[in-house]
């Protein structure tokens with residue numbers, strides 16, 4: 001692996017064909033995908049690895065990541081009956097009044113206020 005001397009981005013191999021030549025033998029270069037800097041390359045080895053174990057890949061969106069970082073407590077969801085919920089407090093009115101506690105079901109994501 002080589003890094004660009006101009007911008008420090010990773011350089012990638014590329015084959016180019018000299019169309020002005022009648023032999024049209026491809027030449028190997030390495031090129032920076034960020035700034036376009038090019039260098040001749042005597043030898044380029046490309047190794048491709050395919051992952052077959054895609055069953056273990058779990059995609060987590062930003063909403064799910066935020067929920068997973070929140071504290072949980074035992075609270076019964078009125079919608080699905082699950083007994084675990086994320087919770088947080090928020091100041092919904094003036095500072096003189098107490099803050100409001102919210103719960104979100106860890107299973108169905110139903111959200112409710114503490115009564």
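Numbering (UniProt numbering), first residue to last: 1 to 115.
Cβ coordinates follow ideal geometry from the N, Cα and C atoms, glycine included.
Neighbour-count burial assignment, residue 85, 16 or more Cβ in a 10 Å radius | Stepping through the chain shown from its first residue, residue 85 is reached at position 85. Burial call: buried.
Can you name the residues that DSSP bridges to residue 39?
-> Walking along the chain shown from the start, residue 39 turns up at place 39. Residue 39 has 30 as its beta-bridge partners, per DSSP.
Mapping the DSSP letters down to three states, classify residue 85 as helix, strand or coil. Numbered from 1 along the chain shown, position 85 holds the residue referred to as residue 85. If DSSP states are grouped into helix, strand and coil, residue 85 belongs with the strands.
By the 10 Å Cβ neighbour count, where 16 or more other Cβ atoms means buried, how is residue 108 classified, buried or exposed?
Walking along the chain shown from the start, residue 108 turns up at place 108. Around the C-beta of residue 108, fewer than 16 other C-beta atoms lie within 10 Å, and the residue is accordingly described as exposed.
Would you list the one or two residues that DSSP bridges to residue 72?
Within the chain shown, numbered from 1, the residue matching residue 72 stands at position 72. DSSP lists 86 as partners of residue 72.
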